[in-house]
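Comments concern the structure below.
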Amino acid sequence: MEFNIRKLEEKDWDTLVSWWDEWPDWQNPPKDFLPDNGTGGLMVEKDGTPIVAGFMYFTNSKGVLLEWIVSNPSYRDDDRQDAIEFLILTCEEYIKANGKKYIFSIGRNKHLIDTHKKLGYNVDTKVSHEIIKKI
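Using this note's numbering, the letters of the sequence shown map in sequence onto residues 120 to 254.
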């Protein structure tokens with residue numbers, strides 16, 4: 120497994136939108152809804168192929184939201200799950216290195232929820248809803 124991880128760049132936006140569009144039940148968020156206007160996160164690649172990305176919302180508390188994790192629907196190599204775990208674990212390291220100690224994430228995708236459980240996250244089994252209003 121030879122992954123590369125890097126900060127998201129402006130040039131990644133079209134790729135991310137195409138991924139969100141390809142996954143059923145997903146809607147891409149507006150760029151200005153995301154941290155640093157769509158560049159506030161990390162991208163995992165292998166041999167130049169982007170695999171998975173996620174965004175980190177830093178707050179004025181000790182908590183960070185790890186959100187909008189999205190993967191390349193066309194990437195089906197055996198190490199796909201490893202790439203997702205690598206992203207989450209690297210985000211954890213980055214968040215901790217920046218003096219934070221809590222990570223909060225919202226999810227409904229079973230595979231992503233199971234991945235978080237595997238990595239030691241507490242998952243509330245009660246249904247909740249994202250509540251958003253553009254003002």
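Glycine included, C-beta positions come from ideal geometry on N, C-alpha and C. If you're wondering where the values come from, they're calculated on a predicted model, not measured in any experiment.
Cβ atoms of residue j and residue i: under 8 angstroms apart, would you say?
i: residue 173; j: residue 206; result: yes
i: residue 160; j: residue 169; result: no
i: residue 132; j: residue 139; result: no
i: residue 238; j: residue 204; result: yes
i: residue 191; j: residue 171; result: yes
i: residue 224; j: residue 235; result: yes
Quick one, which of the options has its alpha-carbon nearest residue i's?
i: residue 177; options: 134, 189, 214; result: 214
i: residue 150; options: 128, 209, 143; result: 128
i: residue 193; options: 142, 253, 249, 130; result: 142
i: residue 245; options: 254, 227, 253; result: 227
i: residue 229; options: 130, 242, 135; result: 242
i: residue 125; options: 198, 202, 184; result: 202
i: residue 134; options: 189, 184, 175; result: 189
Going straight from the alpha carbon of residue i to that of residue j, what length do you get?
i: residue 182; j: residue 251; result: 20 angstroms
i: residue 186; j: residue 166; result: 25 angstroms
i: residue 123; j: residue 163; result: 6 angstroms
i: residue 180; j: residue 216; result: 15 angstroms
i: residue 210; j: residue 200; result: 16 angstroms
i: residue 249; j: residue 233; result: 19 angstroms
i: residue 152; j: residue 221; result: 21 angstroms
In the structure shown, what three-state DSSP assignment does residue i receive?
i: residue 169; result: strand
i: residue 207; result: helix
i: residue 159; result: coil
i: residue 125; result: strand
i: residue 136; result: helix
i: residue 249; result: coil
i: residue 176; result: strand
i: residue 222; result: strand
i: residue 231; result: helix
i: residue 188; result: strand
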